[in-house]
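S.K.: Have a look at the structure that comes next, please.
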Amino acid sequence: MASGPQVGGLREALNDMFWLLPVPFLLILASRFGSMLSDQAVVAVVLGSAMLMTTGMWLRAVAGRRIFLAGALRGGSPWYRWLRGGAGLAVVSLLAALPLAAILLVALARPSGSHLLIGLVVNVPVLVLLQRFWARRLAAHAVPRFQPVLALRLALAVNFLLLFLVLTVAAVFQSYPDFGALTLTEAMLSQAGRQQAESGLLQGLMQLAAAKDALSWWLGQQMLPGAMRPGLQLAAWAVLLATNAMVIWSYLLMCSSVLTLLHWRSWHPGTGSS
Numbered sequence: 008m009a010s011g012p013q014v015g016g017l018r019e020a021l022n023d024m025f026w027l028l029p030v031p032f033l034l035i036l037a038s039r040f041g042s043m044l045s046d047q048a049v050v051a052v053v054l055g056s057a058m059l060m061t062t063g064m065w066l067r068a069v070a071g072r073r074i075f076l077a078g079a080l081r082g083g084s085p086w087y088r089w090l091r092g093g094a095g096l097a098v099v100s101l102l103a104a105l106p107l108a109a110i111l112l113v114a115l116a117r118p119s120g121s122h123l124l125i126g127l128v129v130n131v132p133v134l135v136l137l138q139r140f141w142a143r144r145l146a147a148h149a150v151p152r153f154q155p156v157l158a159l160r161l162a163l164a165v166n167f168l169l170l171f172l173v174l175t176v177a178a179v180f181q182s183y184p185d186f187g188a189l190t191l192t193e194a195m196l197s198q199a200g201r202q203q204a205e206s207g208l209l210q211g212l213m214q215l216a217a218a219k220d221a222l223s224w225w226l227g228q229q230m231l232p233g234a235m236r237p238g239l240q241l242a243a244w245a246v247l248l249a250t251n252a253m254v255i256w257s258y259l260l261m262c263s264s265v266l267t268l269l270h271w272r273s274w275h276p277g278t279g280s281s
């Protein structure tokens, strides 16, 4: 029979999964109905996603900074108040989150295979289990009040690598348009013309993303002479993989923000034991 702490840990893990599941389901709705959104709705979705990411990034940055300052400065020092993280840190987090939120919406709104959406849903228990795993591993090493945030950071790093690897393998076996008989301009215009959305803003972003993909695919398929061909092909695939990396990281930032908000009272440096 499971002991009390084990039952409590299982219950908390299931609770975390319950609160995380709306994130991939909302993104699935964005993939199904994103092309029907108006300009105002697109701006609202991007701002809402960016604010969620910003909240989590800011809170985790504040926690890390205050824990560092607590060991480096006296509590009465004015430097502690100035450096502990405030509006400036929140603005920096928001500026980083806005482009990531836009990239995520564009990637979901564009026609794509189901492997990305399946990966987002399956990833929920993976992230929770990784966070629990690192929390146990760090119990004997990390300062207790920093342990949950550090465990989440490690879980995000490992989760990112796993999800990126899975989506990269799926991309390798995915079928792509044949641009062998097209010029670069024709390939880019062909893919951009396939993008349709009610919002002119979203359609423009989708067309830019499609043109970028067409550029990468075209470079990867063309028989370019000389030693430049392998380098250009590698650069083309690097662009595609970099886009996948930003989409994955945007999603993980949203999930980690939900966990941060859910556990902030117990994770905050001022409430944990030292």
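Using the working numbering, the letters of the sequence shown map in sequence onto residues 8 to 281.
Note that beta-carbon positions come from the ideal geometry of N, C-alpha and C, so glycine has one too.
1) What do you reckon, are the CB atoms on K219 and V254 nearer than 8 Å?
2) Considering only residues of the same chain and omitting the five flanking positions on each side of A57, which have a CB-CB separation below 6 Å?
3) At which residues does the alpha helix (DSSP H) containing H122 begin and terminate?
4) Would DSSP call P31 helix, strand or coil?
5) Could you tell me if P232 is buried or exposed, where buried requires 16 or more neighbouring beta carbons within 10 angstroms of its beta carbon?
6) Just the C-alpha distance for F25 and L34, rounded to the nearest angstrom, thanks.
7) Taking 8 Å as the threshold, find out whether the stretch 133-145 comes into contact with the stretch 160-174 through three or more Cβ pairs.
8) Take S264 as the anchor and find which of G55, A37, G16, S42 has the nearest alpha-carbon.
9) Keeping to the same chain, check which residues put their C-beta closer than 8 Å to that of M235; ignore five residues upstream and five downstream.
10) If you draw a straight line from the C-alpha of L17 to the C-alpha of A252, how long is it?
11) Whole alpha helix (DSSP H) runs in the stretch 146-199 with 4 or more residues, listed along the chain?
12) Which of helix, strand or coil does DSSP assign to A252?
13) Have a look at S257 and L157 and give me their C-alpha separation to the nearest angstrom.
14) Can you tell me which of the three DSSP states M235 falls into?
15) For E205, which of V49, R272, P31 has the nearest alpha-carbon?
16) Are the CB atoms of G270 and P155 nearer to each other than 8 Å?
17) On a Cα-Cα basis, can you pick out the residue from T62, F75, Q228 that is closest to V98?
18) Measure how close the beta-carbons of G187 and Q228 come, nearest whole angstrom, since I'm counting them as under 8 Å.
19) Between R67 and the rest of its own chain, which residues show a CB-CB distance below 8 Å, the 5 nearest in sequence each way excluded?
20) Are the beta-carbon atoms belonging to S42 and L124 less than 8 Å from one another?
21) Report the rounded CA-to-CA distance for L196 versus V176, giving the unit in angstroms.
22) Run through DSSP, which three-state label would A204 get?
23) Kindly indicate which residue of F153, A51, L209 has the alpha-carbon position closest to the one of R117.
24) Should T190 be listed as close to the ligand NAP, given that the test is whether its C-beta is under 7 Å from any heavy atom?
25) Go ahead and pull the three-state DSSP assignment for R73.
26) For V113, which residues from the same chain have a beta carbon less than 6 Å from its beta carbon, with the 5 sequence-adjacent residues on both sides left out?
27) How many whole angstroms separate the CB atoms of L96 and V133, which I take to be in contact at a CB cut-off of 8 Å?
M.R.: On the basis of the data shown:
1) Position 212 of the sequence shown, counted from the first residue, corresponds to residue 219. Position 247 of the sequence shown, counted from the first residue, corresponds to residue 254. 8 Å or more divides the Cβ of K219 from the Cβ of V254.
2) Residue numbering aside, residue 57 sits at position 50 when the sequence shown is read from its first letter. So the list reads A104, L105, A108, once near-sequence residues are dropped.
3) The residue you call residue 122 lines up with position 115 of the sequence shown. Per DSSP, H122 belongs to the alpha helix (DSSP H) from 122-145.
4) Position 24 of the sequence shown, counted from the first residue, corresponds to residue 31. It is helical.
5) On the sequence shown, position 225 is the one that residue 232 refers to. Interpretation of P232 is limited by its pLDDT of 46, a score under 50 that renders its predicted location unreliable; no figure is taken from the coordinates.
6) If you number the sequence shown from 1, residue 25 lands on position 18. If you number the sequence shown from 1, residue 34 lands on position 27. About 16 Å.
7) yes
8) Numbered from 1 along the sequence shown, position 257 holds the residue referred to as residue 264. Of the listed residues, the one whose Cα sits closest to S264 is G55.
9) As a first step, residue 235 must be located in the sequence shown, where it is residue number 228. Any reading at M235 is ruled out, since the residue's pLDDT is 45, under 50, leaving its predicted position unreliable.
10) The sequence position of residue 17 within the sequence shown is 10, counting from 1. The sequence position of residue 252 within the sequence shown is 245, counting from 1. Using only the alpha carbons, I get a separation of about 31 Å.
11) Complete alpha helix (DSSP H) runs here, min 4: 154-179.
12) Residue 252 sits at position 245 when you count from the first residue of the sequence shown. The answer is helix: DSSP assigns A252 an H, G or I state.
13) Walking along the sequence shown from the start, residue 257 turns up at place 250. Walking along the sequence shown from the start, residue 157 turns up at place 150. Looking at the two C-alpha atoms, the distance is approximately 19 Å.
14) On the sequence shown, position 228 is the one that residue 235 refers to. Unreliable positioning characterises M235 in this predicted model, as indicated by a pLDDT of 45, which lies under 50. The coordinate reading is nonetheless provided below. M235 falls in the helix class under three-state DSSP.
15) For the purposes of this step, residue 205 is taken as the residue at position 198 of the sequence shown. The shortest Cα separation from E205 among V49, R272, P31 belongs to V49.
16) Taking the sequence shown and counting its residues from 1, the one referred to as residue 270 is at position 263. Taking the sequence shown and counting its residues from 1, the one referred to as residue 155 is at position 148. In the sequence on display, residue 270 carries His and not Gly. P155 is positioned such that its CB atom lies closer than 8 Å to that of H270.
17) Taking the sequence shown and counting its residues from 1, the one referred to as residue 98 is at position 91. The candidate whose alpha carbon is nearest that of V98 is T62.
18) As a position in the sequence shown, residue 187 is number 180, starting the count at 1. As a position in the sequence shown, residue 228 is number 221, starting the count at 1. Right, the Cβ-Cβ distance comes to about 6 Å (below 8 Å), so this counts as a contact.
19) Taking the sequence shown and counting its residues from 1, the one referred to as residue 67 is at position 60. Within the same chain, and ignoring the five residues on either side of R67 in sequence, the residues whose Cβ sits closer than 8 Å to its Cβ are V156, L159, R160, S263, T267.
20) Numbered from 1 along the sequence shown, position 35 holds the residue referred to as residue 42. Numbered from 1 along the sequence shown, position 117 holds the residue referred to as residue 124. Going by C-beta atoms, S42 is not nearer than 8 Å to L124.
21) On the sequence shown, residue 196 is found 189 positions in, with the first residue counted as 1. On the sequence shown, residue 176 is found 169 positions in, with the first residue counted as 1. Their Cα atoms are separated by approximately 27 Å.
22) Position 197 of the sequence shown holds residue 204. If DSSP states are grouped into helix, strand and coil, A204 belongs with coil.
23) Translated into the one-based positions of the sequence shown, residue 117 becomes position 110. Measuring from the Cα of R117, the nearest candidate turns out to be L209.
24) Summarising the ligand content, the structure contains no ligands, and the ligand NAP is consequently not present.
25) The sequence position of residue 73 within the sequence shown is 66, counting from 1. Note: R73 maps to helix in three-state DSSP.
26) One-based indexing of the sequence shown puts residue 113 at position 106. If we look at V113 and ignore the five residues flanking it on each side, its Cβ neighbours are L212, M213, A216.
27) Here residue 96 is taken as the residue at index 89 of the sequence shown, counted from 1. Here residue 133 is taken as the residue at index 126 of the sequence shown, counted from 1. With a Cβ gap of about 29 Å, L96 and V133 do not count as contacting.
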